[in-house]
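Peer 1: Under the UniProt record's numbering, think of the first position of the sequence shown as 252, with each following residue one higher.
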Amino acid sequence: AAAQKGGYDSFMAKEIHEQASAVADTLRGRLDDGSLQLDEMDIDPSVLRSVDKIVVVACGTAANAGEVAKYAIEHWCRIPTEVELAHEFRYRDPVVTEKTLVVAISQSGETMDTLMAVRHAREQGAKVIAICNTRGSTIPRESDAALYLHVGPEIAVASTKAYLGQITACYLLGLFLAQTRGNLYPDEISALMEDLERIPEHIQQVLDASGQVEKLAQDMKDVSSVLFLGRHVGYPTAMEGALKLKEIAYIHAEGFAAGELKHGPIALVEEGQPVFVIVPSPNGRHSLHSKVVSNIQEVRARGARTLVIAEEGDDAVLPYADEVIRVPATRTLFAALLTVIPLQIFSCELATAKGLDVDQPRNLAKSVTVE
Ligand code: G6P
252 AAAQKGGYDS
262 FMAKEIHEQA
272 SAVADTLRGR
282 LDDGSLQLDE
292 MDIDPSVLRS
302 VDKIVVVACG
312 TAANAGEVAK
322 YAIEHWCRIP
332 TEVELAHEFR
342 YRDPVVTEKT
352 LVVAISQSGE
362 TMDTLMAVRH
372 AREQGAKVIA
382 ICNTRGSTIP
392 RESDAALYLH
402 VGPEIAVAST
412 KAYLGQITAC
422 YLLGLFLAQT
432 RGNLYPDEIS
442 ALMEDLERIP
452 EHIQQVLDAS
462 GQVEKLAQDM
472 KDVSSVLFLG
482 RHVGYPTAME
492 GALKLKEIAY
502 IHAEGFAAGE
512 LKHGPIALVE
522 EGQPVFVIVP
532 SPNGRHSLHS
542 KVVSNIQEVR
552 ARGARTLVIA
562 EEGDDAVLPY
572 ADEVIRVPAT
582 RTLFAALLTV
592 IPLQIFSCEL
602 ATAKGLDVDQ
612 PRNLAKSVTV
622 E
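#1: State buried or exposed for VAL484, treating a residue as buried only when at least 16 other CB atoms are found within 10 Å of its CB.
#2: I'd like to check one pair, MET444 with LEU287: are the Cβ atoms closer than 8 angstroms?
#3: Flag CYS310 as yes when its Cβ comes closer than 7 angstroms to any non-hydrogen atom of the ligand G6P, and as no otherwise.
#4: Let me check understanding here. Comparing Cα to Cα, which of LEU558, CYS310, ASP364 lies closest to THR590?
#5: Need the endpoints of the alpha helix (DSSP H) that TYR399 sits in, please.
#6: What residue does the alpha helix (DSSP H) around HIS483 start on, and which one ends it?
#7: Would you say the beta carbon of ALA616 comes nearer than 7 angstroms to a heavy atom of the ligand G6P?
#8: Where DSSP assigns a beta bridge to CYS599, which residues make up the other side?
#9: Going by the beta-carbon positions, is the gap between GLN270 and ILE592 smaller than 8 angstroms?
#10: Identify the continuous beta strand (DSSP E) that holds THR351 and give its terminal residues.
#11: Decide if ASN384 is buried, meaning its Cβ has at least 16 other Cβ atoms within 10 Å, or exposed.
#12: Per DSSP, which residues does HIS514 bridge with? Please list them.
#13: Please report the distance separating the alpha-carbon of ILE502 from that of SER476.
#14: Looking at the ligand G6P, does it come within less than 7 angstroms of GLN463, judged from the CB to the closest heavy atom?
#15: Excluding the 5 residues preceding and the 5 following residue 693 in the sequence, name in chain order all residues of the same chain whose CB lies nearer than 8 angstroms to its CB.
#16: Taking 7 angstroms as the line, does the beta carbon of SER410 fall inside it for any heavy atom of the ligand G6P?
#17: Let me check you understand the geometry: is the CB of THR362 closer than 7 angstroms to at least one non-hydrogen atom of the ligand G6P?
#18: Using a Cβ-based criterion (distance less than 7 angstroms to any ligand heavy atom), does SER545 qualify as near the ligand G6P?
#19: So, is TYR436 buried or exposed, given that buried needs 16 or more other C-beta atoms within 10 angstroms?
#20: Quick one, which of CYS599, PRO345, GLN455 has its alpha-carbon nearest ARG370's?
#21: Tell me which residue opens and which closes the alpha helix (DSSP H) that VAL308 is part of.
#22: If you drop the 5 nearest sequence neighbours on each side, which residues of the same chain put their C-beta closer than 8 angstroms to that of GLU325?
#23: With distances taken Cα to Cα, identify the nearest neighbour of HIS401 among ILE418, LYS466, LYS617.
#24: Consider the C-beta atom of VAL619 and the heavy atoms of the ligand G6P; say whether any pair is separated by less than 7 angstroms.
#25: Check whether the segment 516-523 and the segment 489-499 are in contact - that is, three or more C-beta pairs closer than 8 angstroms.
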């Protein structure tokens with residue numbers, strides 16, 4: 252088993268460190284002469300042109316990937332997009348028509364809750380595209396078409412490289428919809444793809460700097476609660492950071508939309524409370540960045556220990572950050588592939604420092620095949 256872990260303490264650590272190539276693998280072979288081709292996704296373009304609503308269904312980490320997808324798809328394609336936990340969707344009589352595109356995201360392709368949502372949607376006449384890692388699994392087999400991650404098998408129960416693959420595949424689907432429906436010009440799509448193809452290098456840079464976060468995690472191994480804040484795609488990133496910490500380190504953790512802070516969660520902040528804050532690029536929409544900087548200031552003023560994930564060169568965060576973790580600059584949407592990595596490393600290292608079984612956390616299964 253030690254050899255299979257490639258020198259890492261756990262499969263999770265190994266899979267975290269495979270993420271640059273994982274994203275490169277999801278992206279490989281998708282561009283043909285400047286145009287995006289998703290050949291394996293066998294669906295009639297006229298179906299994609301008639302879609303008037305998208306519903307993403309998923310569970311766990313895959314649902315957080317779906318939340319990122321919503322920001323990208325609505326921005327690029329102007330199609331109303333909702334994300335729903337598959338088990339909630341299935342049992343609330345959702346509005347689904349022949350013009351609804353359901354996107355089912357599942358690493359394993361075997362999650363029963365997600366499969367039941369797929370069946371229900373198809374019974375109502377919706378078309379379903381599965382975003383999946385495991386070829387030949389049930390969810391893609393029962394869907395109208397499938398888009399695969401190609402990130403290789405994921406062994407650790409807590410999902411890491413598949414999460415990045417799912418987000419990447421969602422970006423590809425969003426750009427493909429925009430291309431098919433004419434929402435973006437070909438040169439806009441090429442420019443976006445060029446930036447997306449640069450992400451694996453950026454991921455490697457984040458991984459190469461993992462020592463800082465590992466040290467932080469070791470020093471924090473006795474904490475009892477950690478909060479995570481973000482806006483825009485930083486919000487699902489905060490949710491995913493909190494989920495990872497719950498799953499493998501058994502630490503109470505909550506992810507919040509930073510704007511929601513003042514509506515309740517700020518009451519939790521007391522002296523010494525660790526709070527991770529995911530800061531959007533200062534080169535994106537300026538108001539978004541400055542709002543998050545104010546949020547850091549607000550929790551810091553109430554005694555929080557602020558652990559800030561910010562873009563290289565973003566000095567506006569410095570006065571309010573107890574610790575700054577840097578990520579390379581990229582588009583606001585694509586930052587979701589970078590800012591989550593320090594959070595994955597943090598959980599993995601903290602759980603390892605606590606002596607826990609990182610790959611097989613208590614009470615959880617890699618694939619939940621019961622409803
Ligand atoms: C389980 C796993 C999670 C995973 C979720 C969805 O709860 O413990 O890590 O995110 O299922 O799995 P899927 O295979 O559908 O992506």
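Beta carbons are placed, not taken as given, at the ideal position from N, Cα and C, and that holds for glycine.
None of these values were measured; they are calculated from a predicted model.
Peer 2: Let me spell this out:
#1: buried
#2: yes
#3: yes
#4: LEU558
#5: Not the alpha helix (DSSP H): TYR399 falls in the beta strand (DSSP E), residues 396-399.
#6: Where HIS483 is concerned, there is no enclosing alpha helix (DSSP H), given that its DSSP letter is neither H nor E.
#7: yes
#8: Answer by DSSP bridge pairing: none, since CYS599 is not bridged.
#9: yes
#10: 351-357
#11: buried
#12: Its beta-bridge partners do not exist; DSSP assigns none.
#13: 6 angstroms
#14: no
#15: What the structure shows of the chain is the stretch from 252 to 622, and residue 693 is not part of that stretch, so it cannot be assessed.
#16: Because some heavy atom of the ligand G6P lies under 7 angstroms away, the Cβ of SER410 counts as near it: yes.
#17: yes
#18: Checking every heavy atom of the ligand G6P against the Cβ of SER545, none is found closer than 7 angstroms.
#19: exposed
#20: For ARG370, the nearest C-alpha among the options comes from PRO345.
#21: Premise fails: VAL308 lies in the beta strand (DSSP E), 304-309, not in any alpha helix (DSSP H).
#22: Excluding positions up to five away in sequence, the list reads PRO331, THR332.
#23: With distances taken between Cα atoms, HIS401 lies closest to ILE418.
#24: With a threshold of 7 angstroms, the Cβ atom of VAL619 counts as near the ligand G6P, since some heavy atom of the ligand is closer than that.
#25: Counting C-beta pairs with one atom in each stretch, the segment 516-523 and the segment 489-499 have fewer than three that are closer than 8 angstroms, which means they do not touch.
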